[in-house]
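**Q** Here it is, the structure, as structure tokens.
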Amino acid sequence: MKYTEAVDYILNIPRFTKKNDALHTKLFLEHLGSPQAGMKVIHVAGTNGKGSVCAYLDGMLRSEDRRTGLFTSPHLVKINERIAVDGHPVSDEEFCTAFDAALSAVKEMEREGLAHPTFFEFLLGMALYAFRRAGIEYAVLETGIGGRLDATSAVEPPLVCVITSIGYDHMQYLGDTLEEIASEKAGIIRPGVPVFYTQSSQESDRVIEKTAEKNKSFCKKIGKDAYEILGIQDKHIAFSCSSDYYGNTTWKLNNTGIYQPGNAMLAMEVMRYLFAEKAHPQRWREVLADLKWEGRMEEVMPGVYVDGAHNISAVEGFVQSIPKDETENIILFSAVKDKEYEKMAACLCSGLTAGLYIVTQIGGSRGTEAKLLGDIFRKYTDQPVIAAESAAEALKYAFVHRRGRRIYCVGSLYLTGMIKGWIQEVRQMLDYEEELKKFKPSLEVEEIEDAVYQEDLSDMTDLLKQVMDQKK
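The sequence shown begins at 18 in my numbering and counts up one residue at a time.
Here is the structure:
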């Protein structure tokens, strides 16, 4: 099947299937030939920080000369992002090979009267199949929602279980209290399998500790005293570690999120357990200083940042990451309907001194109406609030009224993905700067940028075609 056809099939899976149990996922993997057999699986759950911890683990494992497979969600721009081998998303060709294998397994199952795998199950099967073909040693698997009933929990037994910070999100599925949410996340813990987790709250910590004790699993909490943040400089956040194991060394992350040192520390402690005296922390240090995890306090253009914070605890972390001396920023916000967007709005208004708030509705039926978001923001701030009907209009307005200010886009991973997609198109155009100058010597990058800002970004493809025609 062609790549576009494969992607279209996968995106339409939610229309004709429903949630399946772990036994169903195991049967799906068996029909795929049990591709996970023999892999060293690191299973990661949590409310916030899962993707970052997975990325840090993947990078440090590769620094130890291990071949890795990384399964994460959601994707931001291209679905291949969910399945990475040795640090790179699989190619379209590899994606199609894995898709064909998964589809063949599904057809076998349907002939036996078994239900079609869910969207997430299908992609998990594809990922494990791609990992097996690539000959990876370590598979880092991020849960989707929860943990206890997540499809990734069918891949047993894991080598290590990792639980990141616990907060309020997906309460309609996981429960209304931190204890209930933590119980779902702790559902990934398996008998005798070591557990590493981030200190969050007394309620959630207690649940994880008790679940580990019940399963007779070694359990280590990475507390807030395990590291000290030293400051932010040159778009890096620096921190030191409390343990003598890491020496008197300053560690840096290629990110300014105040929450990232805790994520890195959690991943480092897992690595320390896996490799002990055979580890090379200096290599880890180099990897972490260079590694970028997209969509988390990421600078996508000079002075333009995207952060996938989409629940109240993540937004609080975002607010804490903004320098206090920045008082005229532009905040571009959107959220889906099932999120606590009023609490997020209140936090963004009370925790920041922004000069302009722009709210918008992301595409699809899940997006919250821009007018509603605008009314909510005006309850919590006297600063200007602009409601734009589309994300393209919102970003265009931010560019036109920028006047040297930083732009922070937050509230939804969907918004992050849309903006990153547009920025990639802008960058593709700017990549042709030198060649364009051969045809128009007076054309400068600033002129190209101005043209982009003044265009309707929904027509970005047409703009790019014009540039490509000039190149020809």
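A virtual CB, placed ideally from N, CA and C, is assigned to each residue, including glycine.
1) What is the DSSP secondary structure of Gln277, counted as helix, strand or coil?
2) Can you find the residues in the same chain that come closer than 8 angstroms, C-beta to C-beta, to Tyr185, ignoring five residues on each side of it along the sequence?
3) What are the boundary residues of the alpha helix (DSSP H) that Gly248 is part of?
4) Would Asp75 be called buried (16 or more neighbouring beta carbons within 10 Å of its own) or exposed?
5) Could you name the residues of the same chain whose beta carbon sits closer than 6 angstroms to that of Thr398, not counting the 5 residues immediately before and after it, in chain order?
6) Three or more C-beta pairs closer than 8 angstroms, one from the stretch 172-188 and one from the stretch 197-213: is that the case here?
7) I'd like the span of the alpha helix (DSSP H) that includes Leu308, first residue to last.
8) From the DSSP output, in three-state form, read off Asp399 for me.
9) Closest to Ser218 by C-alpha separation, out of Ile239, Gly320 and Phe139, would be which residue?
10) Where do the N-terminal and C-terminal ends of the alpha helix (DSSP H) with Leu74 fall, by residue?
11) Going by C-alpha to C-alpha distance, which of Cys71, Tyr431, Ala115 and Ile348 sits closest to Gly391?
12) Going by C-alpha distance, which of Thr169, Gly164, Gly163 and Ile162 is nearest Ala156?
13) Which stretch, first to last residue, makes up the alpha helix (DSSP H) that contains Thr114?
14) Quick check: the Cα distance between Lys308 and Arg302, rounded to an integer number of angstroms?
15) Put Asp261 into one of helix, strand or coil per three-state DSSP.
16) Based on DSSP bridge pairs, tell me the residues matched to Glu315.
17) Check this for me: beta carbons of Asp109 and Tyr20, under 8 angstroms apart or not?
18) Leaving out five residues on either side along the sequence, give the residues of the same chain with a beta carbon under 8 angstroms from the beta carbon of Ser259.
19) In whole angstroms, what separates the C-alpha of Leu28 from that of Thr135?
20) Using the three-state DSSP reduction, which class does Ala101 fall into: helix, strand or coil?
21) Of the choices Val332, His187, Arg422 and Thr42, whose alpha-carbon is the least far from that of Gly138?
**A** On the basis of the coordinates in this document:
1) helix
2) Thr64, Leu195, Ile198, Asn328, Ile329, Ser330 and Glu357
3) Looking at the DSSP string, Gly248 is not in any alpha helix (DSSP H); the run it does join, the beta strand (DSSP E), is Tyr244 to Gln250.
4) buried
5) Cys366
6) Touching, yes, given that three or more Cβ pairs across the two stretches are closer than 8 angstroms.
7) No alpha helix (DSSP H) contains Leu308, which DSSP labels as neither H nor E.
8) coil
9) Ile239
10) Counting along the chain, Leu74 sits inside the alpha helix (DSSP H) bounded by residues Lys67 to Ser80.
11) Ile348
12) Thr169
13) Asp109 to Arg128
14) Rather than Lys, the amino acid found at residue 308 in this sequence is Leu. Between Leu308 and Arg302, the C-alpha separation is close to 10 angstroms.
15) helix
16) Under DSSP, Glu315 shares a beta bridge with Val323.
17) Contact flag set, yes.
18) Asp242, Ala243, Tyr244 and Glu245
19) 10 angstroms
20) strand
21) Note that residue 138 is Glu in the sequence shown, not Gly. The option with the nearest alpha carbon to Glu138 is Thr42.
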